[in-house]
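J.: Pasting a structure here, questions to come.
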Amino acid sequence: MSSTGEHRRGVNRGVELVLLAALVGLMLLASSATHEGGRSHALAALGFLLLAGTVAANVLEPLGIPHLTAYLLTGMAAGPYALHLVDHQAVEELNPINALALSLIALAGGAELRVSKLISAARSLLWATLIQNVLVMILMAGVFLALSPVLPFAAPLPLTVVLGVALLWGVVGITRSPSATLGVLSQTGAKGPLATFTLAFVMTSDVIVVVILAVVFTVTRPLLEPGAAFSLRAFQELGHEVVGSIALGSTLGLLLAAYLRFVGRQLVLVFVALGLVMTQVLDYLRFDWLLIFIAAGFVVQNLSAQGDRFLEEIERLGEIVYVIFFATAGAHLDLPLLAQLWPAALALTLSRAGCTWFASRLSSRLADDPPALRRWGWAGLVSQAGLALGIAGKIQKEHPGYGAGFAAMAVATVAMNELVGPILFKTALDRSGETASHGDTEEPSPAPAGDPAR
Amino acid sequence: MNALWALMGLIAAAFVGSVLVGRQRQTRHGLASGSEPVLAGFLIGPTMLGLVTPGLLEVFTPLAQVGLGWLALIVGLDYGWIDRRRIPTRRTVGGALAGLLTMAVVTAATFALLRRLQPTGPVWWQDTANWIEAGGIGAACAETTRHAVRWVADRLKARGPVTELLLDLADADDLGPFLACGALFTLQPPAGLRWAAHPGVLWAGQIALGVAIGFLTALLVSKRFRSRSLWGVLFGTSMVAIGLAVRADLAVLTVGFCMGLGLNAVSSHRHAIRAVVVPAEGPLRLPALLLAGARIDVAQVPFLAWVIPTVLGARIVAKGLVTGCAMLVSPPLRRAGAPLVPGLLACGPNSMSIGLAFALRFPGRIGDSVLVCAAATTLLGELISTAGLRAALRRAGEAAADTGSQPVVEVTA
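So the protein lines, in turn, are chains A and B. Quick note: the first sequence uses my numbering, first residue -19, plus one each step. Quick note: the second sequence uses my numbering, first residue 741, plus one each step.
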């Protein structure tokens, strides 16, 4: 890379930093000049998060910080707990946009899963699925049990309840973040065994965690609610949710493939309709729309000839989608809570990373994985996001007594994993040589459409 | 109808809009002004079928604001250009003056009428409410829509100095109304602002905000020019501009238009940006016009039987004056003759956008009056302007053929 090019990029980053400062100044001026709680602030907040996240990612790139982490940091800095450029009301009002972003991420995730790649990595995936889910869940439950005397919400609980809560914490511990995985892969353009394995594992584990959660809910109910009988009702709900969602997703996938084949225009509007309207309808019908979109993407990719084009269209929106999703997630992070709970949260976070590393080494040995996967297979599994928070929210709703403390701790640990996970994964991809080599890191050319490792 | 169905309806409208206004080849259907959605909106709105309730319309206010802001941004970005041809400065100034003259005549006539109908009010120079109402009606009735001029020119395959001049004037007359909206919005102190400021300062502030964000966009785009990041940057900056205007109760149309002007003035990538942004006009215009149509409520407009004829009469007089002045300075126009007057009465999306912006900012009498007058002017233009334009272009000897109802035209991005 020539020194002239480096100099030019340095100057460009300097200019962008000045523009970012100007934007922050403008928002601060607007905050002081306008009334709070009056007109909606969501539109300006949306634009600011998008711009500031994009610029911050570019400015922080030389430090090796992944774009996702930069988006999160932007959201945290701009959010209601720091600069207050984006207030609570605006964060709440941006929820539909988040649903839209997440639905696109799910569609992209499903479409990145190619049967041929899954088959080639089947052995690794099977061992990892077994060990990363079952062993890590048990280990994390053990860690929780060991730490329970120092956890404020768990200390006063009787042992049987703590045991049940520990198992639920184990389930939270095995959730991963498809959005973070896809975001890092989209930025790095990585391809290779590590990228393929991580993507396939993270996407499939989303479904498996939902099943495990239903099992654990059923098993722990008698422990958590003295007098409650063992009931298989959770499995009935699970059947409705999982089987129904996969069936609906397959149908949607076929419809999307037909639309691409016979109409093929204005896909952005179709995505908007899916993300804004269909998510609401499916939520109301109690289907898992994330699973539906993953299944739909998978069907378009593997049962039609439209997969590449489909991915290309979603990728076109990627730059907007990831920034909004992660910057809003950053603004959502409860920083005072994190400051309050950080010692226990740090212990749980480090334990989880350790358990994930150990399980990865073990499953890699059993599956006879390639060296890159043996060494770095764990790094892509640290990120956590929405699913963990969703499970914590569900537990809070069903067990209001200790649920609030449980959810707060989950938020704190997810925040840490959310910040550190993408950095670890990007480092792993860089070190294992799977990151695409760009001539100009500021202006990466889009990876070929349909590249499964994007 | 619940919010989800209504949202689906708007998305469907956007889809239809994108189909009707394609980037490559297309067959032009429908009305010359492109205002069919206004009628559709009026039919499903609270006044007629009641499928869309007033409460539901409130839910979509942010969407309407975004649509208005983006439409104004596109108009600003396109200002002074017809496809890749720059409009000569003389014509730009002439077009802008034509818009201002029309606006002034309609405003004056409406204000005089309102004062006469409500004689017990403050002294005339302090009668803010009537100034806002009359000014809003003037701004909404100022334009000659380029859509209608292009529609007729395409059908007649008209080429020549008169056609070109009409297209240029129709493009350039948008300046006055879009800037006037900002001024009128500041006459009533914006509720969203914590600081009191002179209306002149607020007006200048809106223009400065729009232009500054346009410059910021140009700088960001120049540093990272790729079609993918272009969308992100444009979307982000436009949301900041629109969002700040909404937050402070300022005119989204003025801020968006000035942002487009700023970007248009300084970006070396302006043609590429236009190629990306202008195709979004169709998908945005239809839902925005649909919402505008649904908001029309004639029952809320006092003295309707007086106001509408006065406004339409004043507009006809104003366009007559514009035609006379234009003929004085441009000899080729003299060949087109008197039919130019009804020809210049064409108006549509910009008028309805201004009407909708006033209805959102001044709910009640003022907003409803401006919106109803915008709709009435659009309807009048639709009825007589195409015949006028056809006759004018034929008389000027620039109509190659009358190709019937559905010619195929090329629209260059």
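Each residue gets a CB set at the ideal place from its N, CA and C atoms; glycine is no exception. Since the structure is predicted, the reported quantities are computational estimates derived from the model, not experimental observations.
Is the distance from the Cβ of T787(B) to the Cβ of D1037(B) below 7 Å?
T.: Working through the second sequence from its first residue, we reach residue 787(B) at position 47. Working through the second sequence from its first residue, we reach residue 1037(B) at position 297. Against a cut-off of 7 Å, the Cβ pair of D1037(B) and T787(B) comes out as a contact.
J.: Looking only at its chain, what residues have a beta carbon closer than 6 Å to the beta carbon of T1126(B), apart from the 5 residues adjacent to it on each side?
T.: Position 386 of the second sequence, counted from the start, is the residue given in the question as residue 1126(B). Closer than 6 Å at Cβ, skipping near neighbours: A772 and V892.
J.: Using a C-beta to C-beta distance shorter than 8 Å, which residues of chain A count as neighbours of V806(B)?
T.: Position 66 of the second sequence, counting from 1, holds the residue named residue 806(B). Ordered by position in chain A, the residues that pass the 8 Å Cβ test against V806(B) are L23.
J.: Can you pull the chain B neighbours of L80(A), defined as C-beta to C-beta under 7 Å?
T.: Within the first sequence, residue 80(A) is the residue found at index 100, counting from 1. Those within 7 Å of L80(A) in chain B number zero; the least Cβ separation is about 12 Å.
J.: For chain A, find out if any of its Cβ atoms is closer than 7 Å to the Cβ of S969(B); answer yes or no.
T.: On the second sequence, residue 969(B) is found 229 positions in, with the first residue counted as 1. Yes, S969(B) counts as interfacial toward chain A.
J.: Would you call the segment 1018 to 1032 of chain B and the segment 803 to 820 of chain B in contact, with 3 or more CB pairs under 8 Å?
T.: In short, these stretches touch, since the Cβ pair count reaches three.
J.: Would you please verify whether the beta carbon of F197(A) is less than 7 Å from any beta carbon of chain B?
T.: Locating residue 197(A) in the first sequence gives position 217, counting from the first residue. It does not: the Cβ of F197(A) has no partner Cβ on chain B nearer than 7 Å.
J.: In angstroms, rounded to a whole number, what distance separates the CA positions of P1089(B) and L803(B)?
T.: Reading the second sequence from its first residue, position 349 is the one you call residue 1089(B). Reading the second sequence from its first residue, position 63 is the one you call residue 803(B). When rounded, the distance between both Cα atoms is 17 Å.
J.: What does G27(A) touch in chain B if you count any residue whose Cβ is under 9 Å from its own?
T.: Reading the first sequence from its first residue, position 47 is the one you call residue 27(A). The answer, in chain order, is F975, G976, T977, S978, M979, V980, A981, I982, G983 and L984.
J.: For I99(A), count neighbouring C-beta atoms within 10 Å of its own C-beta (all shown protein chains included) and say buried if the count is 16 or more, exposed if not.
T.: Counted from its first residue, the first sequence places residue 99(A) at position 119. I99(A) comes out exposed.
J.: Ordered along the chain, which non-local residues of its own chain (more than five positions away) have a Cβ less than 6 Å from that of G1080(B)?
T.: Here the question's residue 1080(B) lines up with position 340 in the second sequence. Note that residue 1080(B) corresponds to Leu in the displayed sequence, not to Gly. Counting only Cβ-Cβ distances below 6 Å, and skipping sequence neighbours, we find T1063 and A1132.
J.: Check R825(B) in the structure and name its three-state DSSP category.
T.: As a first step, residue 825(B) must be located in the second sequence, where it is residue number 85. Three-state DSSP puts R825(B) in a strand.
J.: Over the uninterrupted alpha helix (DSSP H) stretch that includes T1063(B), give me the two end residues.
T.: As a position in the second sequence, residue 1063(B) is number 323, starting the count at 1. T1063(B) -> alpha helix (DSSP H) spans L1044 to V1069.
J.: Assuming the contact rule is C-beta atoms closer than 8 Å, G996(B) and G932(B) should be a hit. Round their C-beta distance to whole Å, please.
T.: Taking the first residue of the second sequence as 1, we reach residue 996(B) at position 256. Taking the first residue of the second sequence as 1, we reach residue 932(B) at position 192. About 17 Å; that fails the 8 Å criterion.
J.: Looking at chain C, which residues of the segment 236 to 250 of chain A have a Cβ within less than 8 Å of any of its Cβ atoms?
T.: The displayed structure is made up of protein chains A and B, and chain C is not among them.
J.: Buried or exposed: S1008(B), going by 16 or more other Cβ atoms within 10 Å of its Cβ?
T.: Within the second sequence, the letter at position 268 stands for residue 1008(B). Exposed.
J.: If you measure between the beta carbons of L1029(B) and P794(B), is that distance less than 7 Å?
T.: Locating residue 1029(B) in the second sequence gives position 289, counting from the first residue. Locating residue 794(B) in the second sequence gives position 54, counting from the first residue. Going by C-beta atoms, L1029(B) is not nearer than 7 Å to P794(B).
J.: If we count Cβ pairs, one from each stretch, closer than 8 Å, do we get three or more for the segment 293 to 304 of chain A versus the segment 102 to 116 of chain A?
T.: no
J.: So which of S1109(B), A836(B), L1068(B) and A1054(B) has the shortest CA-CA distance to P1042(B)?
T.: Translated into positions along the second sequence, residue 1042(B) becomes position 302. Considering only alpha carbons, the answer is S1109(B).
J.: Spatial neighbours of G1128(B) within its chain, please: CB distance less than 6 Å, with the 5 preceding and 5 following residues excluded, ordered by chain position.
T.: If you number the second sequence from 1, residue 1128(B) lands on position 388. Excluding positions up to five away in sequence, the list reads P1079, P1082 and G1083.
J.: What is the rounded straight-line gap between the Cα of V846(B) and the Cα of L924(B)?
T.: In the second sequence, the residue the question calls residue 846(B) occupies position 106. In the second sequence, the residue the question calls residue 924(B) occupies position 184. Distance between the alpha carbons of V846(B) and L924(B): 15 Å.
J.: Does the CB of R934(B) have a neighbour CB from chain A at under 7 Å?
T.: Translated into positions along the second sequence, residue 934(B) becomes position 194. So, interface residue.
J.: Determine the DSSP secondary structure at T200(A), reduced to helix, strand or coil.
T.: Residue numbering aside, residue 200(A) sits at position 220 when the first sequence is read from its first letter. Helix at T200(A).
J.: If you follow the alpha helix (DSSP H) that E293(A) is part of, which residue opens it and which one closes it?
T.: Walking along the first sequence from the start, residue 293(A) turns up at place 313. G287 to H312 is the span of the alpha helix (DSSP H), which, as asked, contains E293(A).
J.: Does the CB of R699(B) have a neighbour CB from chain A at under 7 Å?
T.: In this structure chain B extends from 741 to 1153, so residue 699(B) is not present and cannot be described.
J.: So, with DSSP's three-state summary, where would you put H220(A)?
T.: As a first step, residue 220(A) is located in the first sequence; it is residue number 240 there, counting from the start. Helix, per DSSP.
J.: Under 7 Å Cβ-Cβ, which residues of chain B neighbour H15(A)?
T.: One-based indexing of the first sequence puts residue 15(A) at position 35. Simply G932 and R934.
J.: Could you check if V1166(B) is buried or exposed, using at least 16 other CB atoms within 10 Å of its CB as the buried criterion?
T.: With chain B covering 741 to 1153 only, the question about residue 1166(B) has no answer from this structure.
J.: Any beta carbon from chain A within less than 7 Å of M748(B)'s own beta carbon?
T.: As a position in the second sequence, residue 748(B) is number 8, starting the count at 1. Judged by the 7 Å Cβ criterion, M748(B) is in contact with chain A.
J.: Can you name the residues of chain B whose CB is closer than 9 Å to the CB of E293(A)?
T.: As a working mapping, residue 293(A) is identified with position 313 in the first sequence. None at all; the shortest Cβ gap to chain B is about 12 Å.
J.: Name, going along the chain, the residues of the segment 774 to 791 of chain B whose beta-carbon falls closer than 9 Å to a beta-carbon of chain A.
T.: none
J.: Going by DSSP, what residue range makes up the alpha helix (DSSP H) through V806(B)?
T.: Here residue 806(B) corresponds to residue number 66 of the second sequence, with the count starting at 1. Its alpha helix (DSSP H) spans residues T801 to D818.
J.: Report buried or exposed for E1150(B), applying the criterion of at least 16 other Cβ atoms within 10 angstroms of its Cβ.
T.: Your numbering for residue 1150(B) matches position 410 in the second sequence. Residue placement at E1150(B) cannot be trusted, given a pLDDT of 40 that sits under 50; what the coordinates show is reported in the next sentence. The residue is exposed, with fewer than 16 neighbouring Cβ atoms inside 10 Å.
J.: For a test of the three-state rule: what should DSSP assign to T415(A), helix, strand or coil?
T.: As a first step, residue 415(A) is located in the first sequence; it is residue number 435 there, counting from the start. In the structure shown, T415(A) sits in coil (DSSP, three-state: anything other than H, G, I, E or B).
J.: Are the beta-carbon atoms belonging to E1138(B) and T903(B) less than 7 Å from one another?
T.: Taking the first residue of the second sequence as position 1, residue 1138(B) is located at position 398. Taking the first residue of the second sequence as position 1, residue 903(B) is located at position 163. Yes, the Cβ-Cβ distance between E1138(B) and T903(B) is below 7 Å.
J.: Measure from the alpha carbon of L399(A) to the alpha carbon of each residue in A275(A), Q364(A) and V35(A), then state which is nearest.
T.: Walking along the first sequence from the start, residue 399(A) turns up at place 419. Per the Cα distances, Q364(A).
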